[in-house]
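2 protein chains.
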Amino acid sequence: MALIVQKFGGTSVGDPEKIKNVARRVLKKQKEGCQMVVVLSAMSGETNRLTDFALQMQDIPDTREMDVLLSSGEQVTISLFAMAVKAFGDDCISFLGDQVKIITDSSHTKARIESIDTERIIENLEAGKIVVVAGFQGVDEQGNITTLGRGGSDTTAVALAAALKADACEIFTDVEGVYTTDPNICDKAKKIDRISYDEMLELASLGAKVLDIRSVTFAKQYNVPIHVRSTFTDTEGTWIVEEDKEMEGRIVSGVTYNKNEARITISGVPDQPGIAAKIFTPISDADIIVDMIIQNQDTGNGLTDMTFTVLRSDFQRTKQLLETIVKKTGATGGIHGSDTITKISIVGVGMRNHSGIASTMFSVLSREGINISMISTSEIKVSCIIEEKYTELAVRTLHDAFELDKDTVPEEETLT
Amino acid sequence: MALIVQKFGGTSVGDPEKIKNVARRVLKKQKEGCQMVVVLSAMSGETNRLTDFALQMQDIPDTREMDVLLSSGEQVTISLFAMAVKAFGDDCISFLGDQVKIITDSSHTKARIESIDTERIIENLEAGKIVVVAGFQGVDEQGNITTLGRGGSDTTAVALAAALKADACEIFTDVEGVYTTDPNICDKAKKIDRISYDEMLELASLGAKVLDIRSVTFAKQYNVPIHVRSTFTDTEGTWIVEEDKEMEGRIVSGVTYNKNEARITISGVPDQPGIAAKIFTPISDADIIVDMIIQNQDTGNGLTDMTFTVLRSDFQRTKQLLETIVKKTGATGGIHGSDTITKISIVGVGMRNHSGIASTMFSVLSREGINISMISTSEIKVSCIIEEKYTELAVRTLHDAFELDKDTVPEEETLT
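Quick mapping for you: the protein sequence lines, in order, are chains A and B.
Take the first sequence: its position 192, counted from the start at 1, is 192 in the numbering used here, and no numbers get skipped.
Count along the second sequence from 1, add 416, and you get the number used in the numbering used here.
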């Protein structure tokens with residue numbers, strides 16, 4: 001008998017009627033002969049309502065108490081869900097994080113799951129019950145309630161699927177799956193049927209909208225097949241699974257973009273050993289996260305340029321910090337930068353076996369008159385920094401150039 | 417150092433501003449040199465909101481899941497309270513029922529406390545923290561969440577006070593204490609300064625409005641002094657304590673009434689052994705609670721009358737049930753009754769040492785032309801059934817007759 005973990009987010013359980021619909025959906029799957037474990041988030045809006053209360057209490061709410069507060073949200077949805085199942089004549093039992101010993105570390109508001117005791121869940125599944133577990137929450141060794149941070153219910157679902165060795169973890173959301181690119185700016189965007197864990201991780205900025213990215217890391221580690229799909233239709237969504245031959249046949253799986261970064265260049269930096277550390281240690285000490293770093297070859301005069309990107313919200317702060325740093329390094333060319341850039345990326349495991357993908361990307365952008373100011377590559381990704389205003393054009397052009405709207409490989413059997 | 421348990425109900429913690437006020441009040445007491453344990457209910461209205469949700473799920477909500485649902489309410493108030501204390505610069509830690517092992521039986525929605533583990537509470541008090549505990553909730557031996565029923569937070573507070581050997585348990589509410597009678601119908605009603613556990617139990621119908629009566633039983637058992645007082649003023653309320661000499665000097669402590677009963681008479685019942693069992697066994701089997709029972713002396717013809725009271729909501733059902741029962745007993749006089757009656761009672765430990773109290777009551781009522789249809793007495797109480805329309809007149813007349821508006825004994829030192 002297949003064991004399926006299904007996770008429904010806040011909009012799927014936003015009111016009593018919606019919770020009943022979720023119960024119907026779960027029961028339908030159970031009737032097909034599956035053992036069902038359900039993970040629920042709090043009702044949509046509830047976390048904001050509670051956070052508002054907290055902010056009326058304390059400017060920076062105590063994190064231990066914040067976790068006690070926020071974890072009440074799923075307590076409401078899981079008990080209502082269990083009642084709904086029972087009203088339909090079936091049996092169901094709800095468990096809070098601490099009741100199935102979802103043990104985490106003690107990092108309140110962003111805890112990490114360390115272990116799960118599946119005994120009580122299995123016992124109840126074997127008794128024919130649907131088991132519903134509160135997402136997002138756990139308990140530390142001392143018995144304090146913890147929460148896993150935004151999107152934490154996805155992590156709960158994947159962790160439970162891993163611990164229970166479930167056949168699949170289905171994440172229900174308000175979109176139909178993961179797309180080749182953002183459908184809002186490219187109407188040729190196509191739902192991806194199957195994608196590897198690594199590609200999904202690289203597509204973070206697309207994926208984060210439908211799926212918490214930490215849960216993908218977790219799924220990869222324990223090889224849990226994830227099925228991202230819509231709460232509102234019965235159509236298949238996107239399966240996130242281990243890489244296979246079929247995927248390698250597809251060179252590029254998706255085009256993604258990130259408007260959340262800013263670029264900073266320090267020019268005329270003395271090309272000496274230790275110079276990078278002198279610049280980046282104080283930045284790191286100020287809790288500023290640096291993404292891409294590029295250092296040009298010394299052009300002959302003993303000077304070099306250093307370019308890097310930071311979060312757009314850290315742009316001004318980073319520039320101010322650099323004023324003093326740069327003086328100490330003896331850089332002569334000053335600090336330049338832009339906070340109207342976009343990082344545009346193509347992702348695909350097929351790149352490993354195909355050459356010329358990056359140069360195709362550069363040519364395509366160049367043909368449209370789009371200048372590339374930085375380039376960074378990984379084994380399965382090429383990212384370029386371009387001016388923000390070209391974002392939509394670049395996405396559409398790359399989507400066309402790599403024929404992402406076409407089925408490049410024959411459809412194989414899906415996992416269900 | 418005195419250890420005080422303070423309990424605040426739903427109206428006292430009804431919104432973030434009110435929770436801050438409660439925090440200020442608790443801190444003030446702590447600054448006087450007390451160790452503070454605080455018990456909170458859910459915000460007023462929250463239990464109704466959640467119950468409404470549950471009724472949309474299931475006609476008769478599953479009781480285990482109902483407890484999961486309802487216990488989320490206090491989780492919100494205790495965490496917000498802890499944040500408020502911390503915002504004022506002091507330290508505080510919140511605990512749910514299961515975190516301080518408030519172990520109950522498994523009677524969901526009306527569980528009874530079996531034990532409390534005070535170790536974590538004491539540890540945190542000794543570290544100088546205010547400890548706030550969720551009222552109303554516990555956990556059974558299997559780790560299922562339970563709730564103690566309406567008014568359960570009072571019971572939590574008293575049980576904690578007992579387990580911690582606290583110096584006092586203060587119950588904050590929206591009235592100033594327990595009154596000699598209902599101030600709404602008798603403007604001479606006077607706040608009682610001190611009253612014994614037994615009197616309080618007999619004054620149930622007055623007391624239930626300010627204090628859950630099960631908690632008084634508990635307090636009596638463990639000799640926990642309870643102080644019922646107003647959230648909104650600093651004045652002393654009513655102390656509910658062990659009986660002492662001073663109380664005995666007061667003959668009548670309070671006048672109470674109950675409009676919630678109905679009277680039924682079966683006349684012409686054959687006066688045979690076993691007749692009472694024949695009548696009351698089927699009534700009890702139908703879950704109808706009988707309060708007073710009076711059987712008249714056989715008047716010489718081998719027949720007797722049987723009169724008793726039931727809850728007014730059970731009146732019609734009881735009469736229907738009796739139709740068949742009465743035929744079997746061979747009663748000849750038929751069934752009569754009234755659901756417009758009131759049970760009016762005078763209560764006082766002083767009655768033990770004073771004679772003539774009952775007859776004074778009868779005379780007083782008679783002088784006003786109020787007919788008494790049933791009488792029942794205990795060691796410290798006399799109850800009479802009268803017509804409902806005389807309720808207010810009877811209350812005021814008895815209150816005057818026993819001079820409840822006067823200080824009959826000199827005020828002694830209070831316990832604080």
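By construction, the Cβ of each residue, glycine as well, lies at the ideal position given by its N, Cα and C atoms.
Three-way DSSP call (helix, strand, coil) for threonine 525 of chain B in this model: coil
Those residues which DSSP pairs with glycine 505 of chain B across a bridge: Its beta-bridge partners do not exist; DSSP assigns none.
Valine 13 of chain A burial status per 10 Å Cβ neighbour count (16 or more: buried): buried
Chain B contact residues for valine 349 of chain A, given Cβ-Cβ distances below 8 Å: Residues of chain B passing the Cβ test: none, with the nearest at roughly 44 Å.
C-beta neighbour in chain A for lysine 581 of chain B, strict 8 Å: no
Rounded separation between lysine 797 of chain B and glutamine 56 of chain A - CA only: 50 Å
Minimum Cβ-Cβ distance from aspartate 140 of chain A to chain B less than 8 Å: no
Phenylalanine 552 of chain B - DSSP class collapsed to helix/strand/coil: coil
Secondary structure of histidine 354 of chain A, DSSP reduced to three states: coil
For glutamate 170 of chain A, the residue or residues it bridges with in DSSP: A:Gln6 and A:His227
Exposure label - leucine 404 of chain A; buried when at least 16 CB within 10 Å: buried
Short CB-CB distance (under 8 Å) between glutamine 491 of chain B and chain A: yes
Reference aspartate 583 of chain B, options B:Lys607, B:Ile642 and B:Gly753, closest by Cα: B:Ile642
Length-filtered (3 minimum) beta strand (DSSP E) runs lying within the stretch 645-689 of chain B: 654-657, 670-674 and 677-686
Contacts of phenylalanine 469 of chain B in chain A (Cβ-Cβ under 8 Å): Pro16, Val76 and Leu80
DSSP three-state assignment for glutamate 827 of chain B, whether helix, strand or coil: Bear in mind that a pLDDT of 43 at glutamate 827 of chain B, under 50, signals an unreliable position, so the model cannot answer this.
Closer than 8 Å to chain A by CB, methionine 499 of chain B: yes
Proximity below 8 Å, CB of alanine 134 of chain A to CB of leucine 96 of chain A: yes
Selection of the stretch 194-206 of chain A by Cβ proximity to chain B, strictly under 8 Å: none
Nearest neighbour of phenylalanine 172 of chain A, chosen from A:Asn21, A:Arg317 and A:Ile195 [CA to CA]: A:Asn21
Chain B within 8 Å of leucine 69 of chain A, Cβ atoms only: yes
is_contact[glutamate 119 of chain A, chain B] using C-beta, thresh 8 Å: no
Beta-carbon proximity check, threonine 307 of chain A vs threonine 265 of chain A, cutoff 8 Å: yes
Three-state secondary structure (DSSP) of arginine 855 of chain B: No information on residue 855 of chain B is available, as it lies outside the stretch 417 to 832 that chain B covers here.
Alpha-carbon to alpha-carbon, isoleucine 192 of chain A and aspartate 407 of chain A: 10 Å
Segment limits, beta strand (DSSP E) that includes lysine 797 of chain B: 797-803
Residues that DSSP places opposite cysteine 450 of chain B in a beta bridge: B:Ala418
Same chain, Cβ closer than 7 Å to lysine 319 of chain A, five either side skipped, listed in chain order: Ile264, Ile335 and Gly337
Residue-chain proximity (glutamine 515 of chain B, chain A), Cβ-Cβ < 8 Å: yes
Counted within 10 angstroms of its Cβ, other Cβ atoms place asparagine 540 of chain B as buried (16 or more) or exposed: buried
Proximity test, Cβ basis, 8 Å: glutamate 412 of chain A and chain B: Because glutamate 412 of chain A sits at a pLDDT of 44, beneath the cut-off of 50, its placement in the model cannot be relied upon, and the following sentence gives the value as read from the coordinates. So no, glutamate 412 of chain A is outside the interface.
For arginine 396 of chain A, the residue or residues it bridges with in DSSP: Answer is none; arginine 396 of chain A lacks a bridge partner.
Chain-ordered residues of the stretch 539-566 of chain B with a beta carbon less than 7 Å from chain A: Gly559
Collapsed DSSP secondary structure at glutamate 65 of chain A in the structure displayed: helix
Proximal residues to glycine 766 of chain B (C-beta, below 6 Å), its chain only, five neighbours per side dropped: Glu664, Arg666 and Ile667
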